[in-house]
Structure formats: C-alpha cells, structure tokens
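Residue numbers (the numbering used here): 29 to 443. Presented below is the structure to which this report refers.
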Ligand SMILES: Cc1cc2nc3c(=O)[nH]c(=O)nc-3n(C[C@H](O)[C@H](O)[C@H](O)COP(=O)(O)OP(=O)(O)OC[C@H]3O[C@@H](n4cnc5c(N)ncnc54)[C@H](O)[C@@H]3O)c2cc1C
C-alpha cells in the first residue's frame, strides 16, 4: 500500500463496515485483525437486524425473576459469583438506564441509528450482489403468559406513536406464520419492519470483499501494537508496520485491551452469550427468528441449521465457558420447536460489548488526536454496524453527519 490514510483495528461487522464506508469515500484504508473478517462476535449472533429497537434490554424485574437468577435457575441469565463484586456498579447503572424516563431517552437518542440500520445493510448487500442473505419478513416475539405480554404495552404504544410496524397475534395466528411452533404460547408480536440474515459471518465477509473492491487492504496483526510514530499511528502487521494519520478502534469486546494502556478508560462490560446449531426434526423449519421471551432465547434459521442463542451471562470475558443456560432452557426450547440433534459438540461463546447506557461509542477518543472509536454495540452490533460505519466515516472525512453524533461520544462518561 503506497499510502494509508486510516487504519481500522478489528474486522468484525462494525470495523469492516467502517472500513468499507471510509474506502467508499476515497480513503486508503488498512483493516487489521488477528483473525479473518467476522469470525468473532459477529459470527455467532442471532442474525436479527432489529431496526425497531426502542428500549434497552430490560433489567430483570420482579422478585420471582431475580430470585431465579440469584439461585442460578434462570434460563435467561447467569453469572459467575466471583465476578459480581466487579460488575455490581455497572449493573446498578445499567438498571437505572433501563427504567422509566431513561429508557425513553435511550429510544430518542438511538432512533436515528436504528431507523437507518436496515437500509444501510440493504445498500451494502445490494452493491455486493448479496441480497440472498437478507430476509425481510421480520421477527416474532412469543409470550407464553398473559402477564409477560401485557408488560409489552408501553413498548407497543410507543411503537404505534412512531409508526413502527408490528402486528399483535394470538397463538394460532402466529402458528400460521410458523407452523412448526407448538402451541405452548398465548400471544406473539410480529415486528414486520425487522429483518434477519441467514449467515452473519458470510455477510461480514461480503462487506470485506466489497472493501477490497474499493481498494481496501485487509492485514493480519495484533492491534495492541498500535503506538505513536511521529505524527502518525503505527501498527505492526504480518506484512510489516503500517502508518496512518488516523486509526479506528473497532475491537468490540477487546477494545479495552488496546485503549486501557493508552489511558482511554471507558466503562465497558460484557454480556456473554452462547449458541448452538440443531438440525430440525423431519420437515420442521422456521422462516424467521423467533424469541421465546420468558426463557430469553432465540431460535434463528441459519444456513448452518437452527441456531439457538442464549441471553446474558455476567462473567469475565476470558473465563472458561459455562453454558448452563443452554441446559436450563433446552426442555422449553424442545417443547416449542422440534429440535433434533445438535450439530457441534461444544456451544459457541461470544461477548456482547456493552456500556451501561446501552449506547455505542462512535467518535473521537478523548485525549488521543487521530484516534477514533466505534465499539460497544451490545445486543445490536450486527444491526448497527453499517449505520455506525457511515456516521463515523462522515465524521472522519469532515462531511455533515446524517445525525447528531453527541449521544454516542466518549465524553458522555466524563473526563
Ligand atoms: C448470542 C448473541 C446473539 C446476538 N444476536 C444479535 C442479533 O440478532 N442482532 C444484532 O444486531 N446483534 C446481535 N448480537 C450482538 C452482535 O453480535 C455484536 O454486537 C457485534 O457482533 C459486535 O461486533 P464488533 O465488530 O464490535 O465485534 P467483533 O465481531 O467481536 O469484532 C472484533 C474484532 O476484533 C478482533 N480483535 C480483537 N482483539 C484483537 C487484537 N488484539 N488484534 C487484532 N484483532 C483483534 C477480533 O478478532 C474481532 O474480529 C448478538 C451477540 C451475541 C453474543
């Protein structure tokens, strides 16, 4: 590469999208990862492009739910006891951000990103000739009990006000959309404006191929070697050192490994999650992702099989896997859908990178000229990767950003 304008560190869906947007704007970009594009968190998700997101993921409420979690019987959440003292302040802040007015503030601040999330994917997939991965038939949230469904009223009312398409269905109506589901639930909401992809890994790889077509170069290297070299940033790669005036940190859950030593200490936590693929029994199938809300898991039809993804586990990012949630929820999942044999011997484990206000950081790194941040997309990084890449590229190239980037700035955490 004769000249490099920007180094993007991390080739998950977030970094690859940012690199692609920068390359489309004429910058010479090097995308650096220690693995291939999309092979970490961006591989293992449920594939939902949820442009309807209004509120942050709810903090469990009600004595019953909290007790089940405390007793380690809950399928929707798990924790490592030794990790709780470390995460307690973050959990309290997270809880405050999911309540009342704070959740409406989140909805307002994040709407510009969510509202554009699907069209940004569509543009990139169309340009790449890869629309075959996109299913525009929404996703289905199931409610086994009346109370859990009634608790969605606030969200549905708000969605109504904003004109976000959704249909309230009874069990039979939902089963006419997805006939392989058993009648173990009473209500469903079909979020018709959402979409999903049949292979999240392939989608990131397609974006990386598009990046190459725009002149971008993907290199193997350890992002933690990033350091100042005169007026530039330098990173060591297998192909030698690369220098550029600007660098973007898009390392998802690994961002603190690089940023901490540079003195950029932002309060990122991890919600670990597991998945496993299953063959459906006989002719059973799903046409769209389905969430069993009471048990907190999703069944998503993928090219690899039916992917079952779990809710959150609070544990050190690098602690050994403890997929107890999968064991706890399998009886309910098998009662809902005829899951046959598991495809892999061991479940996949990934970490959702989350700030306590559930917003990502997109913008400049405080105190480090030329360093940019694009990470912390939590539960919706696949959804938000391309739109975040657009916003970041607009900011980095001095174009008018399509929305006010202030809610995503690192400065919101204070000096
Ligand atoms: C179970 C589960 C289900 C999910 N379901 C959905 C969903 O349905 N829809 C949705 O929108 N989101 C979903 N998510 C969230 C989504 O997957 C993440 O928010 C998103 O993948 C984060 O992307 P990223 O690019 O920031 O991180 P990553 O994909 O993890 O990318 C970070 C990259 O940095 C690289 N890296 C790390 N350290 C270094 C280093 N030292 N040197 C070089 N490279 C390094 C890694 O190799 C990796 O490629 C889910 C997550 C989980 C865990």
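Even glycine gets a Cβ: it sits at the ideal position worked out from N, Cα and C.
Where residue 254 and residue 350 are concerned, what is the direct C-alpha to C-alpha distance, given to the nearest angstrom? As a position in the chain shown, residue 254 is number 226, starting the count at 1. As a position in the chain shown, residue 350 is number 322, starting the count at 1. Residue 254 and residue 350: Cα-Cα distance of roughly 33 Å.
What are the complete beta strand (DSSP E) segments, minimum 3 residues, inside the segment 126-204? 167-171 and 195-198
Tell me the rounded alpha-carbon separation between residue 404 and residue 315. Here residue 404 corresponds to residue number 376 of the chain shown, with the count starting at 1. Here residue 315 corresponds to residue number 287 of the chain shown, with the count starting at 1. Going from the Cα of residue 404 to the Cα of residue 315 covers about 30 Å.
With DSSP collapsed to three states, give me the class of residue 439. Along the chain shown, read from residue 1 onward, the residue named residue 439 stands at position 411. Helix.
The segment 365-372 touching the segment 389-400, judged by at least three CB pairs closer than 8 Å: no
What does a CB cutoff of less than 6 Å around residue 75 pick up in its chain, not counting 5 residues either side in sequence? On the chain shown, position 47 is the one that residue 75 refers to. Excluding residues within five positions, the ones whose Cβ falls inside 6 Å are 224, 225, 228 and 328.
Would you list the one or two residues that DSSP bridges to residue 231? Position 203 of the chain shown, counting from 1, holds the residue named residue 231. DSSP, once it has assigned bridges, lists no residue as partnering residue 231.
Looking only at its chain, what residues have a beta carbon closer than 6 Å to the beta carbon of residue 411, apart from the 5 residues adjacent to it on each side? As a first step, residue 411 must be located in the chain shown, where it is residue number 383. These residues qualify, in order along the chain: 77, 78 and 145.
Fully enclosed by the segment 252-315, which alpha helix (DSSP H) runs are 4 residues long or longer? 283-287
Roughly how many angstroms lie between the CA atoms of residue 262 and residue 393, to the nearest whole one? For this step, residue 262 is matched to residue 234 along the chain shown. For this step, residue 393 is matched to residue 365 along the chain shown. If you take the alpha carbons of residue 262 and residue 393, they lie about 16 Å apart.
Alpha-carbon to alpha-carbon, residue 424 and residue 113: As a position in the chain shown, residue 113 is number 85, starting the count at 1. As a position in the chain shown, residue 424 is number 396, starting the count at 1. Roughly 38 Å separates the two Cα atoms.
Using CA atoms only, rank isn't needed, just tell me which of 45, 264, 102 and 356 is closest to residue 153. Taking the first residue of the chain shown as position 1, residue 153 is located at position 125. It is 45 whose Cα lies nearest to the Cα of residue 153.
Quick one: Cα of residue 319 to Cα of residue 272, how far? As a position in the chain shown, residue 319 is number 291, starting the count at 1. As a position in the chain shown, residue 272 is number 244, starting the count at 1. If you take the alpha carbons of residue 319 and residue 272, they lie about 44 Å apart.
Neighbourhood of residue 431 by C-beta, 6 Å cutoff - its chain only, sequence neighbours within 5 removed: What you label residue 431 is simply residue 403 of the chain shown in a count that begins at 1. Cβ within range, chain order: 140.
Touch test, the segment 328-338 against the segment 305-315, Cβ-Cβ under 8 Å, three pairs minimum: yes
Contained alpha helix (DSSP H) runs [length at least 4] in the segment 55-115, N- to C-terminal order: 69-72 and 91-98
Given 8 Å as the limit, is there contact between the segment 349-365 and the segment 208-220, that is, 3 or more CB pairs closer than that? yes
Terminal residues of the continuous beta strand (DSSP E) containing residue 405? What you label residue 405 is simply residue 377 of the chain shown in a count that begins at 1. Unbroken run through residue 405: none, as it is neither H nor E.
Once DSSP output is grouped into helix, strand and coil, what is the label at residue 430? Your numbering for residue 430 matches position 402 in the chain shown. If DSSP states are grouped into helix, strand and coil, residue 430 belongs with coil.
Answer yes or no: the CB of residue 251 versus the heavy atoms of ligand 1, is any distance below 6 Å? Residue numbering aside, residue 251 sits at position 223 when the chain shown is read from its first letter. Within the cutoff, so yes.
Applying the 10 Å Cβ sphere with the 16-neighbour rule, what's the burial state of residue 185? By one-based count along the chain shown, residue 185 stands at place 157. Classification of residue 185: exposed, given that the 10 Å Cβ count is below 16.
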